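Peer 1:
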Amino acid sequence: MITSFGELVETLIDALNRYAYPDRPVGVARAGRGLSVVGQMGDARRLVDLLSGTMTLRLLRSLLLLCTLLAALTATQLVPVAAHATVAPKATGSQPVYSYADAVRETVWVDTGLDGDGNGHTDRVAADIVRPREAAAAGVKVPVIMDASPYYACCGRGNESQLKTYDAQGRPVQFPLFYDNYFVPRGYAVVLVDLAGTNRSDGCSDVGGPSDVKSAKAVIDWLNGRAAGYSTRSGSTRTSPTWASGSVGMIGKSWDGTIANGVAATGVDGLKTIVPISAISSWYDYYRSSGAPLYDGTPADLSGLVDSQAAAPHCTAVDKRLAAGSPDSGDWSSLWQQRDYVASAAKVKASVFVVHGMQDLNVRGINFSQWWTALAGTGVDRKIWLSQTGHVDPFDYRRTIWVDTLHSWFDHYLLGIDNGVEKAPAADVERAPDQWTQDAAWPAPGTGAATLHLTPGAFSTTSGSGTASFTDDPKLGEDDWAAHALTSTPEKTVFTTGPLTRDLRVSGQGSITLTVSSSTTSAHLSAVLADLGPAVIRNYEGSGEGITTLSTRSCWGDSTPGDSACFLDAAADTSSVGYTIVSRGWADLGHYAGLSRTATLTPGTGYPITFALAGTDHIVPAGHRLALIVAGTDNGLLNPPSTRPTLTLDLTRSSVRLPLLGGLTAFRQAVPAPTRQPKPDAFAAPSALPGLPGLPRTAGDCLPCGNF
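Final position of the sequence shown in the working numbering is 751; the numbers increase by one with none missing.
(1) DSSP state of V173, grouped into three classes?
(2) Can you check the segment 438 to 514 for any beta strand (DSSP E) of at least 3 residues that lies completely inside it and give the ranges in chain order?
(3) With R382 and G252 assumed to form a contact (beta carbons below 8 Å), what rounded beta-carbon distance in angstroms separates them?
(4) State yes or no: is the C-beta of V22 within less than 9 Å of the C-beta of W428?
(5) In angstroms with no decimal places, state the Cα-to-Cα distance between E465 and F453.
(6) Where do the ends of the beta strand (DSSP E) carrying L575 lie?
(7) What distance in whole Å lies between the Cβ atoms of A287 and A393, which are believed to be in contact at a cut-off of 8 Å?
(8) Between G576, S290, T653, which lies nearest to V663 when the distance is taken from Cα to Cα?
(9) Beta strand (DSSP E) containing Y231: first to last residue?
(10) Spatial neighbours of P651 within its chain, please: C-beta separation below 6 Å, excluding the five flanking residues on both sides.
(11) To the nearest angstrom, how far is the alpha carbon of T494 from that of C609?
(12) Express the C-alpha separation of G551 and D482 in angstroms, rounding to a whole number.
(13) Rounded to a whole number of angstroms, what is the C-alpha to C-alpha distance between P517 and D249?
(14) Hey, how far is the Cα of V153 from the Cα of P186?
(15) My parser needs the beta strand (DSSP E) runs of 3 or more residues fully inside the segment 256 to 328; what are they?
(16) Looking only at its chain, what residues have a beta carbon closer than 6 Å to the beta carbon of A74, apart from the 5 residues adjacent to it on each side?
(17) Note the first and the last residue of the continuous beta strand (DSSP E) segment covering R757.
(18) Have a look at G433 and A180 and give me their C-alpha separation to the nearest angstrom.
(19) Following the continuous alpha helix (DSSP H) through S412, name the residue where it begins and the one where it ends.
(20) Pick from L458, F513, S430, P486: whose alpha carbon is nearest that of A475?
(21) Could you compute how far the alpha carbon of G199 sits from the alpha carbon of D471?
(22) Helix, strand or coil for A353 per DSSP?
(23) How long is the line joining the alpha carbons of G658 and S626, rounded to whole angstroms?
(24) Under 8 Å Cβ to Cβ from L220, same chain only, skipping five residues before and after it: list those, please.
(25) Pick helix, strand or coil for Y330, following the three-state DSSP scheme.
(26) Helix, strand or coil for D154 per DSSP?
(27) Return the first residue and the last residue of the alpha helix (DSSP H) that A389 is part of.
(28) Among R640, L735, G628, which one has its Cα closest to the Cα of V699?
(29) Taking a contact to mean a Cβ-Cβ separation below 9 Å, would you say W326 touches T301 in this structure?
(30) Quick check on the burial criterion: 16 or more other C-beta atoms within 10 angstroms. Buried or exposed for D312?
(31) Whole angstroms is fine: what's the gap from S333's alpha carbon to L644's?
(32) In the segment 177 to 232, which residue ranges form an unbroken beta strand (DSSP E) of at least 3 residues, counting only runs that do not cross its ends?
(33) Can you tell me where the beta strand (DSSP E) holding S560 begins and where it ends?
(34) Determine the DSSP secondary structure at A754, reduced to helix, strand or coil.
(35) Assuming the contact rule is C-beta atoms closer than 8 Å, T309 and V256 should be a hit. Round their C-beta distance to whole Å, please.
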């Protein structure tokens with residue numbers, strides 16, 4: 044039964060399509076979330092049956108165009124109050140009224156104004172565009188969903204590593220991911236930009252620097268009449284986006300989402316919203332952590348991965364600058380300053396929908412939490428999803444709700460539809476595989492910073508006492524430490540509570556302050572917050588980083604022979620464990636005074652250092668223990684040191700600052716008296732708590748090379 048004027052219009056469109064375009068499948072390719080209304084034809088279907096006997100094909104197609112335009116108008120007016128659901132606003136805004144098969148597919152080369160490859164000519168970046176033909180014919184301007192990426196030719200996008208494809212004339216055929224299939228029929232253009240130096244763009248990749256950011260910003264400028272675009276890579280024929288409304292939303296995972304952050308930090312007009320997924324907010328915090336070098340290599344390694352064959356010979360000077368500007372010492376440099384978007388967060392005018400895996404060991408959690416915190420003072424609308432996965436797109440762990448929520452998000456910020464998405468709970472957090480909770484804000488309302496002092500083997504709410512020592516063993520890492528958290532071993536020191544008497548929630552970004560002396564002139568530090576107790580969690584150390592790819596497919600939008608809307612499904616990859624890593628942080632003790640210069644340590648001298656623990660949201664259940672592990676080099680994350688120092692903590696001047704729901708009061712209520720617990724080796728504990736059966740991490744792993 045048709046219950047609204049909008050449904051009547053949509054029904055007319057489906058019926059008219061059957062007669063105006065008899066060879067086009069209707070109501071078949073629009074799979075997912077009940078998008079077809081073929082079964083609701085009713086009287087409207089019979090009306091079209093009568094019209095088809097008296098009207099020419101040309102008139103039928105004219106009537107179809109009229110109904111399509113009417114639907115586009117009603118989509119912005121007739122949004123039911125039911126769309127304001129708390130789980131995810133139902134996708135009842137923009138409707139699939141435009142033909143995906145007949146969409147315009149074209150490439151525009153936009154002048155960035157930069158000469159990254161030094162050839163004496165400003166660089167042009169390729170923007171591949173797919174947009175509804177009927178809207179352009181009727182003069183209806185459409186907004187743009189943009190994914191700017193370096194990966195469209197080298198590595199692919201999404202769980203299936205899709206690449207762009209082109210026909211014999213160079214016109215784009217396959218647009219990776221579902222955005223085009225789903226959103227173009229709903230009145231959006233989708234623009235996929237090749238970053239400078241990659242695929243069909245001029246210039247050189249500078250890994251998050253001015254050229255990367257300008258690649259995407261220039262296209263936004265072109266969409267708003269502020270930059271020049273050309274119909275060919277080297278020709279002089281300009282093209283204007285007369286079809287574009289000027290409103291742009293940027294989305295992308297990993298490097299793609301990082302560029303969205305970087306462009307938003309320029310404050311460019313026309314960018315209305317960004318959706319950074321597993322994205323970097325400061326490139327220093329991707330390669331370094333408080334002076335500690337993470338992995339091997341420099342940004343030059345990434346540029347070498349993505350530069351096109353044509354660009355690579357002309358980009359050696361850029362690669363040398365990238366290597367020189369990212370010293371192995373871990374020192375801060377002008378290169379890192381250029382790539383620190385957090386410092387420019389005050390310029391952001393776009394709304395921001397952050398999505399991140401709390402167990403992402405590629406783009407670690409400090410990147411989302413410091414970005415989120417910096418944006419708090421801007422007044423922009425913010426939303427956040429935090430999953431238990433590693434470096435994974437929400438399309439592969441929460442697909443239906445993700446598509447619905449993203450649809451409503453773009454409808455509101457790009458089409459101006461009042462669907463209430465900005466009033467929905469701001470934070471969704473995955474508590475267990477596929478089990479989510481919501482909060483009005485993040486960190487959770489009522490969260491307060493609790494400073495916990497350290498005593499041998501335990502926490503104190505009043506003051507610290509004593510010392511603790513350990514010897515760095517770079518062959519071991521966080522899983523080894525946590526598995527033996529209740530057993531004394533020489534490579535770590537552990538501080539634990541007793542079994543909690545009530546749940547204790549950690550929500551936000553913490554920090555740790557240590558006063559440390561080393562037996563050598565240099566030293567690494569690692570801090571791990573852990574929940575000691577049994578749980579079923581996503582296997583984020585497995586090959587899918589928390590998901591298993593299935594053999595079945597589901598379809599999200601319309602397909603063409605060269606661009607399918609049907610994608611492999613995924614399910615949670617879970618494991619039963621005896622501990623859960625809650626948060627992590629790393630530092631180089633030689634940077635105790637700041638990041639600008641590495642200091643040579645004097646053996647036996649105590650140095651105070653404070654460093655961040657990554658943002659997280661985790662509930663330690665009653666009966667479990669909260670543990671803080673302090674150790675040296677984390678195997679697989681930190682480059683091993685040249686020496687193996689013995690480190691001694693002065694616990695009278697050491698503490699950890701945790702964002703706890705209910706603050707210090709909640710900690711006191713959850714931790715049984717006395718606060719000080721016996722030393723870890725005094726606990727009756729198994730020889731090792733079970734951990735994840737994932738892939739072992741080894742020093743020098745190029746995680747970005749395995750999962751983009």
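Beta carbons: idealized from backbone N, C-alpha and C, even for Gly. Predicted, not measured: the structure shown is a model, and the values here were computed from it.
Peer 2: Let me lay it out:
(1) strand
(2) 470 to 475, 478 to 482, 490 to 498, 501 to 503, 510 to 514
(3) 6 Å
(4) The structure shown does not extend to residue 22, since the chain is modelled only from 44 to 751, so the question has no answer here.
(5) 11 Å
(6) 567 to 581
(7) Incorrect: roughly 17 Å between the Cβ atoms, too far for contact.
(8) G576
(9) Per DSSP, Y231 belongs to no beta strand (DSSP E) and is neither H nor E.
(10) T558
(11) 50 Å
(12) 13 Å
(13) 32 Å
(14) 18 Å
(15) 287 to 296, 314 to 320
(16) Interpretation of A74 is limited by its pLDDT of 34, a score under 50 that renders its predicted location unreliable; no figure is taken from the coordinates.
(17) Residue 757 falls outside the range modelled here, since the chain spans only 44 to 751, and no answer is possible.
(18) 44 Å
(19) 409 to 418
(20) S430
(21) 28 Å
(22) coil
(23) 7 Å
(24) D190, R200, G201, Q205, F438
(25) helix
(26) strand
(27) Where A389 is concerned, there is no enclosing alpha helix (DSSP H), given that its DSSP letter is neither H nor E.
(28) G628
(29) yes
(30) exposed
(31) 16 Å
(32) 185 to 192, 215 to 217
(33) 547 to 561
(34) Coverage of the chain is limited to positions 44 through 751, which leaves residue 754 absent and any answer about it impossible.
(35) 7 Å
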